[in-house]
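**Q**
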Amino acid sequence: MMLVVLIGITFIVFFVTNLLPANPARVAAGPSASNEEVAMIAEKMGLNKPLPIRYLIYLGDLLHLDMGKSILSKQPVLKEVSARIAATLELTLAATTVYIIVSLSLGIYCARHPGWIDSLTRMFCVGSSAIPPYWLALLLQLVFYYYLGLLPSGGRLPANLSPPEAVTGLYILDSILAGNWETLKHALIHLVLPTVSLALGNIGLTTRVVRTQVTQEMSQDYVRTAKAKGLTDKVAVRRHAVKNAMNPIVTTIGIQTGYMMVGTIMIETIFRWPGLGSYAITSIQNLDFPAITGIAIVMALSFSVINLLVDLIYMLLNPRVRLT
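Counting with the numbering used here, you get residues 81 to 404 for the letters of the sequence shown.
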């Protein structure tokens, strides 16, 4: 099934990017190239072949981990993607960790303690979900960098600080492995604004889902029975209500994390974060078709992997899922 999904993803991405009106050969040749030079480059790139044949060739190249060469940098697209994916992964993991911890804590607390804090939280959830991440990013940058000067405006590290020795490509983890605490401090500081920008909208939606699901489970007979047996409200909710509410919560988190990968495109551009998102914008601006196709496939594959992880978590939460 996963193989069929992957082939379907490559099929859609390849055909959509190749149906764009711009001519990749003209882009590769440059504006001053003659028609003869453009024709030679088109033949070299295989653009004279029918689109289905070109797709089969591209699919065969993908099996050998060949995404083609970037028109802009003349480097293999896989090399360009590999150099940037760790930055996007670090930002996504940071934002996911923040919004999961905050959403679960707020949602469970509001389910157990309806009142003015719950009302304020619901207002916050509605408001945060309505704010576009890119607008929030610009606002945070304006306040905390331009006016207050408390946080950096962008990048992963200060210009005068060298990255830690690359092991995983994740600066935080690599700094810890190297025992480089100064780099770790700056890596964390540079993560604050993009992480908050990316996480805030997801906090609102996920908190509402957590609160709703836990509230529904708290009204079930098995929770009342657990309390009647002597369990405190806190323990009964943690052991029983939260556990049984996790399936829809995990689904929401999986979907939101997948969308977050796409959301990094604007956030990375605003904060000059050297990941796949900023690379995607550069590739689109320069009509770098091989790079655009490669990035789209990587993003789509990431979404599929996240969905697979959600299914695995389902199996851990409910072993009966294995039988279905």
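Just so you know, even glycine gets a beta-carbon here, dropped at the ideal spot from N, CA and C.
Can you give me the Cβ contacts of residue 201 inside the same chain, cut-off strictly under 6 Å, excluding the 5 residues immediately before and after it?
**A** Closer than 6 Å at Cβ, skipping near neighbours: 186 and 190.
**Q** Which residues does DSSP list as the beta-bridge partners of residue 149?
**A** For residue 149, which the question treats as bridged, DSSP gives the partners 156.
**Q** Should residue 293 be labelled buried (16 or more other beta-carbon atoms within 10 Å of its own) or exposed?
**A** Classification of residue 293: buried, given that the 10 Å Cβ count is 16 or more.
**Q** List the endpoints of the continuous alpha helix (DSSP H) containing residue 330.
**A** From DSSP, the alpha helix (DSSP H) with residue 330 extends over 322 to 350.
**Q** Residue 124 to residue 95, Cα distance in whole Å?
**A** Using only the alpha carbons, I get a separation of about 19 Å.
**Q** Please report how far the alpha carbon of residue 350 lies from the alpha carbon of residue 195, in whole angstroms.
**A** Cα-Cα distance, rounded: 38 Å.
**Q** Please name the residue, chosen from 379, 324, 384 and 359, that lies closest to residue 396 on a Cα-to-Cα basis.
**A** Of the candidates 379, 324, 384 and 359, the one whose C-alpha sits nearest the C-alpha of residue 396 is 324.
**Q** According to DSSP, is residue 132 helix, strand or coil?
**A** Residue state, collapsed to three classes: helix.
**Q** Could you give the residue range of the alpha helix (DSSP H) that holds residue 221?
**A** Residues 213 to 221.
**Q** Tell me whether the beta-carbon of residue 377 lies closer than 8 Å to the beta-carbon of residue 360.
**A** Cβ atoms of residue 377 and residue 360: not closer than 8 Å.
**Q** Of the residues 317, 348, 266 and 305, which one's Cα is nearest the Cα of residue 31?
**A** Residue 31 cannot be examined here, being either before or after the span of the chain that is shown, 81 to 404.
**Q** How is the alpha helix (DSSP H) around residue 297 delimited, first residue to last?
**A** Counting along the chain, the alpha helix (DSSP H) containing residue 297 begins and ends at 261 to 298.
**Q** With H, G and I counted as helix, E and B as strand and the rest as coil, what does DSSP make of residue 183?
**A** Three-state DSSP puts residue 183 in a helix.
**Q** How many Å lie between residue 259 and residue 341 at the Cα?
**A** About 29 Å.
**Q** Compare the Cα-Cα distances from residue 327 to each of 337, 289 and 216 and report the closest residue.
**A** It is 289 whose Cα lies nearest to the Cα of residue 327.
**Q** Under a Cβ-count criterion, where at least 16 other Cβ atoms within 10 Å of its own Cβ denotes burial, should residue 355 be classed as buried or exposed?
**A** Under this definition residue 355 is a buried residue.
**Q** Determine the direct distance from the alpha carbon of residue 145 to that of residue 86, and round the result to whole angstroms.
**A** Spanning the two alpha carbons is a distance of roughly 14 Å.
**Q** Is residue 111 helix, strand or coil by DSSP?
**A** If DSSP states are grouped into helix, strand and coil, residue 111 belongs with coil.
**Q** Please classify residue 205: is it buried, with 16 or more other beta-carbons within 10 angstroms of its beta-carbon, or exposed?
**A** The residue is buried, with at least 16 neighbouring Cβ atoms inside 10 Å.
**Q** Once DSSP output is grouped into helix, strand and coil, what is the label at residue 309?
**A** Coil.
**Q** Compare the C-alpha of residue 268 against each of 253, 277 and 278 and name the closest.
**A** The shortest Cα separation from residue 268 among 253, 277 and 278 belongs to 253.
**Q** Since residue 353 is in the alpha helix (DSSP H), which residue starts that stretch and which ends it?
**A** Taken as a continuous stretch (DSSP letters only), residue 353 belongs to no alpha helix (DSSP H), as it is neither H nor E.
**Q** Taking contact to mean at least 3 C-beta pairs separated by less than 8 Å, is the segment 216 to 228 in contact with the segment 127 to 146?
**A** Cβ pair count under 8 Å is below three, so no.
**Q** Just mark residue 121 as buried or exposed, buried being the case when its beta carbon has 16 or more other beta carbons within 10 Å.
**A** The residue in question, residue 121, is buried, as its Cβ has 16 or more Cβ neighbours within 10 Å.
**Q** Does any heavy atom of the ligand COA sit closer than 7 Å to the C-beta of residue 111?
**A** In the structure shown, the ligand COA is absent, as is every other ligand, since no ligand is present at all.
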